[in-house]
Amino acid sequence: TLLSFKESYTFRLLFLQYLDVNVIRIGYYRVICIHSLLEGKTVIITGANTGIGKETARDLARRGARIVMACRDLERAEEAKQDIFEDTGNENLVIRKLDLSDTKSIRAFAELINKEEKQVNILINNAGIMMCPYSKTADGFEMQLGVNHLGHFLLTYLLLDLIKRSAPSRIVVVASVAHTWTGLRLDDINSERSYDTMKAYGQSKLANVVFARSLAKRLHGGWMCHMWDGSNILA
Numbered sequence: 225t226l227l228s229f230k231e232s233y234t235f236r237l238l239f240l241q242y243l244d245v246n247v248i249r250i251g252y253y254r255v256i257c258i259h260s261l262l263e264g265k266t267v268i269i270t271g272a273n274t275g276i277g278k279e280t281a282r283d284l285a286r287r288g289a290r291i292v293m294a295c296r297d298l299e300r301a302e303e304a305k306q307d308i309f310e311d312t313g314n315e316n317l318v319i320r321k322l323d324l325s326d327t328k329s330i331r332a333f334a335e336l337i338n339k340e341e342k343q344v345n346i347l348i349n350n351a352g353i354m355m356c357p358y359s360k361t362a363d364g365f366e367m368q369l370g371v372n373h374l375g376h377f378l379l380t381y382l383l384l385d386l387i388k389r390s391a392p393s394r395i396v397v398v399a400s401v402a403h404t405w406t407g408l409r410l411d412d413i414n415s416e417r418s419y420d421t422m423k424a425y426g427q428s429k430l431a432n433v434v435f436a437r438s439l440a441k442r443l444h445g446g447w448m449c450h451m452w453d454g455s456n457i458l459a
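Residue numbers (my numbering): 225 to 459.
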């Protein structure tokens, strides 16, 4: 029947393609590429100098967005910026220092953004470290949890008022299938009694998922907070 067709997967794919949305199916996963233009929009991407962050910056720059590349390594960030500019022709790329392992750096970055930027339409919490030897952040947290989750938690909190004023806005938290590897070890959150690199990484990614879900519930009035783990990339 017509009704069942409208509810079908095929109809949804055709409708998305009608809206100029590319839908690519790779095995179990669906990748949806939206080509809407973003002129006049400001996007902050943490870890925009490499990997997922860099390619996200490239795509959004191609669509005309102003990109704030929030990076710890300024030399690599400058190289990435030049590469993205040569590829897209978008000159509206700026680099700002951000070390997510140090709350002083996070607060300084947020203070600068709140002063410099009139709006932040999209915040993409992407930067992270993976399966590193045991170490702690400048504030005494286990490094993977501190950088991947706690740093982004603080950054989001400090920018939230500006993001709200910039509505329509969105917050994207890059998660991973690794969130299924373990639970939250609340009795040893810093992994001081025992440290397993994979479990510590998985815990940080699970914290990302819990954070995104909680934030989405707390924000209202049409807000959506997205967690993205739709690939087999251990992001």
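We treat Cβ as the ideally placed atom computed from N, Cα and C, and that holds for glycine.
Hey, how far is the Cα of residue 438 from the Cα of residue 313?
38 Å
Taking a contact to mean a Cβ-Cβ separation below 8 Å, would you say residue 332 touches residue 379 in this structure?
Their beta carbons are not under 8 Å apart, which means residue 332 does not touch residue 379 by this criterion.
Grouping DSSP H, G and I as helix and E and B as strand, with all else coil, what is residue 396?
strand
Considering residue 432, what are the terminal residues of the alpha helix (DSSP H) in which it resides?
Residue 432 -> alpha helix (DSSP H) spans 421-442.
Check whether the region 298-307 and the region 338-346 touch, using three or more Cβ-Cβ pairs below 8 Å as the test.
no
Measuring CB to CB, does residue 356 end up less than 8 Å from residue 274?
no
Would you say the beta carbon of residue 273 comes nearer than 7 Å to a heavy atom of the ligand ZN?
Judged by which ligands are present, the structure shown has none, so any question about the ligand ZN falls away.
Rank 323, 328, 382, 311 by C-alpha distance to the C-alpha of residue 278 and give the top, closest one.
311
If you draw a straight line from the alpha carbon of residue 248 to that of residue 272, how long is it in whole angstroms?
Because residue 248 carries a pLDDT of 46, less than 50, the predicted location of this residue cannot be relied on, and no value is offered for it.
Considering just the uninterrupted stretch of the beta strand (DSSP E) at residue 349, what are its terminal residues?
346-349
Going by DSSP in three states, residue 317 sits in which element: helix, strand or coil?
strand
Out of curiosity, what's the CA-to-CA distance linking residue 196 and residue 396?
Summary: the structure shown does not reach residue 196, with the chain confined to residues 225 through 459, and so no result is reported for it.
Would you tell me roughly how many angstroms separate the C-alpha atoms of residue 430 and residue 307, rounded to the nearest one?
33 Å
What residue from 282, 322, 427 has the CA that sits closest to residue 366's CA?
Nearest C-alpha to residue 366: 427.
To the nearest angstrom, report how far apart residue 284 and residue 415 are at their CA atoms.
Distance between residue 284 and residue 415, taken at the CA atoms: about 37 Å.
Taking all protein chains shown into account, do 16 or more other C-beta atoms lie within 10 angstroms of the C-beta of residue 418, making it buried, or fewer, making it exposed?
An exposed status is given to residue 418, since fewer than 16 other beta-carbon atoms sit within 10 Å of its beta-carbon.
When the Cα atoms are used, what is the spatial distance from residue 245 to residue 363?
Residue confidence is low: residue 245 scores 46 on pLDDT, short of 50, so the model does not pin down where it sits. Its coordinate-derived value is still stated next. Straight across, the Cα-Cα distance linking residue 245 with residue 363 is about 44 Å.
What are the uninterrupted segments assigned as alpha helix (DSSP H) that are 4 or more residues long and contained completely in the region 289-340, given in chain order?
298-312, 327-340
Compute the distance between the beta-carbons of residue 267 and residue 294, then report whether it is under 8 Å.
no
Closer than 8 Å by C-beta to residue 360: which residues in its own chain qualify, once you throw out the five before and the five after it? Chain order, please.
Exclusion of the five residues before and after residue 360 leaves 366, 367, 370, 414 as the residues of its chain whose Cβ lies within less than 8 Å of its Cβ.
Around the Cβ of residue 322, are there at least 16 other Cβ atoms within 10 angstroms (buried) or fewer (exposed)?
buried
So, residue 270 versus residue 372, is the Cβ gap smaller than 8 Å?
no
Can you tell me the Cα-Cα spacing of residue 440 and residue 280, whole angstroms?
22 Å
When you compare each of 392, 292, 319, 287 to residue 345 by their alpha carbons, which one comes out closest?
Measuring from the Cα of residue 345, the nearest candidate turns out to be 392.
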